[in-house]
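S.K.: Handing you a structure now.
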Amino acid sequence: MVILPRYGSGTVLAMALHSSLIDKPRTSLVSRYSLLTVLILLGGLVSLGALYERFASDLETALVGERLTSQETATASRLAAFMETYQYQLAKISNYPGLTAYLANPTGPGAREVANLLHLEADVPDLYGILFFDRDGHLQHVVPGQAASGPPYWSAENWSISDLPRVRLGDATLIGPHLPSPGRSGWVLLQRPIRDAGQGSDDPVTVALHLRLSSITEQLDEAMVTPVVKLRLQAADGAILDVTGRPLHTTIPLGDGPEVFPGWSLKREIRSEVLFGSLEKARGWLYAGGAAITLIIVLLFGHLTGRLRRRVDDLIAGADALAAGDLQFRLRGGERSDEIGSISRAFNTMTLRLRDMIDRTVRTEKMAVLGQFATGVAHEVRNPLATLKTTVQALSRDEADPDCKELLQDMESEVDRLNRVVNDLLTYGRPHPAEQRQIPVRELFRRTATLLRPTAAERGVSFVTSGESTLTLLADGDQLQQVLVNLGLNAIQACQTGDSVTLRASRQGPDVIIEVSDSGCGMDTALLATVTDPFVTTRAGGTGLGLTISAQMIDANHGTMRIDSRPGEGTRVRLRLPGEKTRKGARGRDDA
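Using numbering that gives the first Met the number 0, you'd call the opening residue of the sequence shown number 0 and step up by one each time.
Quick look at the structure:
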């Protein structure tokens, strides 16, 4: 009876793996990692939304902040420069010599030169013309410019400036604005007293430049500001003018800008919907995209978690099988290159090594027990068998009765059979080390054929040798001869009349391959798995040690034995033995 150690290294390893895998965790590590990832993603989306809100607020501040301030300053400077230009022109006109005389008598001496100068001054795109007023503020004389049309040039009827607002602009007065109406353009007057030499400082006559209102508002220049913010001009009467000089009617709150000249200032019209409408839409897409990504990640993690759990369940099943002693169990997925694939490969390798270690332990203990048993049998059985055989032979020589003599001969045969069984036990339990030397395959096959052909002929089986006859292998000649004879006898006994047995030699790399094949009955899978185990036999009268001893001898000679068989198709035994050139390698394996 063979008893294995209760806690071998393989058993401890199996128990550790089993306890680490089959203890069901209270919480799934994969689920926790999945939940943590989703929470991190949601936190990132929330943070991104907060950053978006902060960005939108900062963007609005930036749009109406420093950049807009600089643009407002530039616009106010343009407006002031525009007015200064015409203030200078007005001052120049008001100081023309002879201007008072011209107004008193437009056809008098020197009037033509003054008229030409006035027409030249009025010939400016921004001016409708030049107007002269008496001390009562009534229109006295007009000089039309290139843009002049309508009153007061063709008719001054119903034309008045008495109700228009007035503001001081240095030495001049800014009158207006007169807002545009259907068929009439908007305008302002820049008025200044005429300062003629020889008259007092309070000259009763004034001159005014009739300015296009749109020429002033065009200085707003919408290209200089952002699409979100529009600059408007608030006139002295409170009217809000756009860049074309038309009054603007809007419900959008206007921000205060700098004053450009007394009573006139800039206003900010902030159209946040232009930009923030797109931003709001972008925020909607942002949140929708974030929700979609979160859903995809949740579904992906769910799928991956299911796959990972199935693979972990395989590991647990493997640990259960290993703990139950099933060393034939193999984990799937070892061909994958991920971590669990590495664990599966390590598990399968561990079970193989554990099975080999247990097999070697069992075989060693069997050998030890069998060696003791064989020694006892040799001591207790062989000597009595020798005495019995001698006695039976003596009785057989003196026996005259044919029937009794036949019985004595049968007894002698049985004694010989028992002696052979004892020899097989001794050979298996106390194997002799191999004495390797160079053996020509031709000589080995010749001796084997000489021993087996008579038996094959008796059963009507053909025995054939083939292959490379010049090969030489490194082995114990006696042991290899015994192996080939044993395999040949088994092959012949598995055949019927007309079948064949073939002994063939070939080279494969540095090794020599010897094949013993037959066309006999073959073996099924169950028998093939145990055919080399001790005492397994299907032949009446067999000991079941022939193939076991053969495998043992092949292993002692640093070779391998492989048996392939199918029911009804015959059996092939393939021996791989070191060739002559692998002597050092063979010794290296023996030393190991």
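Glycine included, C-beta positions come from ideal geometry on N, C-alpha and C. Owing to the predicted nature of the structure, the values given are computational and were not obtained by experimental measurement.
Compare the Cα-Cα distances from Pro432 to each of Arg134, Gly288, Ile548 and report the closest residue.
M.R.: The shortest C-alpha separation from Pro432 is found at Ile548.
S.K.: May I ask you to list the residues that DSSP assigns as paired with Phe260?
M.R.: Paired residue(s): Trp263.
S.K.: Between the segment 37-50 and the segment 287-299, do at least 3 Cβ pairs fall closer than 8 Å?
M.R.: The segment 37-50, when compared against the segment 287-299, does touch it at the 8 Å Cβ threshold.
S.K.: At the level of alpha carbons, what is the spacing between Leu285 and Leu232?
M.R.: If you take the alpha carbons of Leu285 and Leu232, they lie about 39 Å apart.
S.K.: Report yes or no: do the segment 96-110 and the segment 232-244 share at least 3 C-beta pairs separated by less than 8 Å?
M.R.: At 8 Å Cβ cutoff, the stretches do not touch.
S.K.: Buried or exposed for Ser336, please, with buried defined as at least 16 other CB atoms from any protein chain shown within 10 angstroms of its CB.
M.R.: Per the 10 Å Cβ criterion, exposed.
S.K.: Starting from Leu219, trace the alpha helix (DSSP H) both ways and give me its first and last residue.
M.R.: First-last for Leu219: undefined, no H or E at that position.
S.K.: Out of Leu488, Glu258, Gly569, Lys404, which one is the CA nearest neighbour of Gln392?
M.R.: Nearest option by C-alpha distance: Lys404.
S.K.: Run through the segment 424-510 for me and flag every whole beta strand (DSSP E) of 3 or more residues, listed as ranges in chain order.
M.R.: Runs found: 436-439, 461-466, 471-474, 499-507.
S.K.: When you compare each of Leu138, Gln437, Thr363 to Gln551 by their alpha carbons, which one comes out closest?
M.R.: Of the candidates Leu138, Gln437, Thr363, the one whose C-alpha sits nearest the C-alpha of Gln551 is Thr363.
S.K.: Tell me whether Arg626 sits in a helix, a strand or coil according to DSSP, three-state version.
M.R.: Summary: the structure shown does not reach residue 626, with the chain confined to residues 0 through 591, and so no result is reported for it.
S.K.: With a CB to CB cut of under 7 Å and the five nearest residues on each side skipped, what residues in its chain are close to Pro4?
M.R.: A caution first: Pro4 carries a pLDDT of 43, below 50, which makes its placement in the model unreliable, though a value can still be read off. Excluding positions up to five away in sequence, the list is empty.
S.K.: Classify Ile239 as helix, strand or coil using the three-state DSSP reduction.
M.R.: DSSP places Ile239 in strand when its eight states are reduced to three.
S.K.: How big is the Cα-Cα spacing for Phe328 and Asp498?
M.R.: Computed Cα separation, rounded: 39 Å.
S.K.: What did DSSP end up calling Asp563 once you bin it into helix, strand or coil?
M.R.: It is a strand residue.
S.K.: Tell me, which residues are paired with Gly324 by DSSP?
M.R.: DSSP, once it has assigned bridges, lists no residue as partnering Gly324.
S.K.: In terms of residue numbering, what span does the alpha helix (DSSP H) encompassing Leu526 cover?
M.R.: Unbroken alpha helix (DSSP H) run through Leu526: 524-529.
S.K.: In terms of residues, what are the limits of the beta strand (DSSP E) holding Gly545?
M.R.: No beta strand (DSSP E) contains Gly545, which is instead part of the alpha helix (DSSP H) from 545-555.
S.K.: So, helix, strand or coil for Pro383, using DSSP?
M.R.: Note: Pro383 maps to helix in three-state DSSP.
S.K.: Drop a sphere of 10 angstroms on the beta-carbon of Pro252, count the other beta-carbons inside from all chains shown, and report buried for 16 or more, exposed for fewer.
M.R.: Looking at its Cβ environment, which holds fewer than 16 other Cβ atoms inside 10 Å, Pro252 is exposed.
S.K.: Using 8 Å as the Cβ pair cut-off and three pairs as the minimum, do the segment 409-420 and the segment 445-452 touch?
M.R.: Verdict: no, contact absent.
S.K.: Looking only at C-alpha atoms, which of Arg575, Ala121, Ile562 sits nearest to Asn556?
M.R.: Minimum Cα distance to Asn556 is reached at Arg575.
S.K.: Measuring only from the beta carbon, is His557 closer than 8 Å to any heavy atom that is part of the ligand ATP?
M.R.: Looking for the ligand ATP in the displayed structure turns up nothing, as the structure carries no ligands at all.
S.K.: Taking the C-alpha atoms as reference points, what is the distance between Ala80 and Ser180?
M.R.: Roughly 28 Å separates the two Cα atoms.
S.K.: If Gly567 and Cys494 are in contact, beta carbons under 8 Å, what's the gap, nearest whole angstrom?
M.R.: About 12 Å separates the two Cβ atoms, so there is no contact after all.
S.K.: Determine the contact status of Thr389 and Val440, defining contact as a CB-CB distance below 9 Å.
M.R.: Going by C-beta atoms, Thr389 is not nearer than 9 Å to Val440.
S.K.: For His137, which option in Gly324, Asn422, Val206 has the closest C-alpha, if you only look at C-alpha atoms?
M.R.: The candidate whose alpha carbon is nearest that of His137 is Val206.
S.K.: Can you list, in chain order, the residues of its chain with a C-beta nearer than 7 Å to that of Asn94? Leave out the 5 residues immediately preceding and following it.
M.R.: Closer than 7 Å at the Cβ level, and outside the excluded window around Asn94, lie Arg194.
S.K.: Please identify the residue among Arg446, Asp523, Leu488 whose C-alpha is closest to the C-alpha of Ala456.
M.R.: Selected option, being the one with the closest Cα: Leu488.
S.K.: DSSP has Ile269 in a bridge; who is on the other side?
M.R.: For Ile269, which the question treats as bridged, DSSP gives the partners Val228.
S.K.: For the alpha helix (DSSP H) holding Arg111, just list the boundary residues, first then last.
M.R.: Arg111 -> alpha helix (DSSP H) spans 110-121.
S.K.: Going by alpha carbons, who is nearest to Leu479 out of Ser468, Phe444, Ala490?
M.R.: Ranking Ser468, Phe444, Ala490 by Cα distance to Leu479 puts Phe444 first.
S.K.: Taking Phe131 as the reference, give the member of Val123, Ile160, Gln145, Gly107 with the closest Cα.
M.R.: That would be Ile160, whose Cα lies nearest to the Cα of Phe131.
S.K.: Considering only residues of the same chain and omitting the five flanking positions on each side of Gly128, which have a CB-CB separation below 7 Å?
M.R.: Answer for Gly128: Ala121, Val141, Val142, Pro143, Gly144, Ala147, Tyr152, His209, listed in chain order.
S.K.: The beta strand (DSSP E) that contains Ala207, what's its start and end?
M.R.: Note, Ala207: beta strand (DSSP E), 205-211.
S.K.: Tell me, to the nearest whole angstrom, how far the beta carbon of Ser516 is from that of Thr531; I am working on the premise that it is less than 8 Å.
M.R.: Not quite, the Cβ-Cβ distance comes to about 17 Å (not below 8 Å), so this is no contact.
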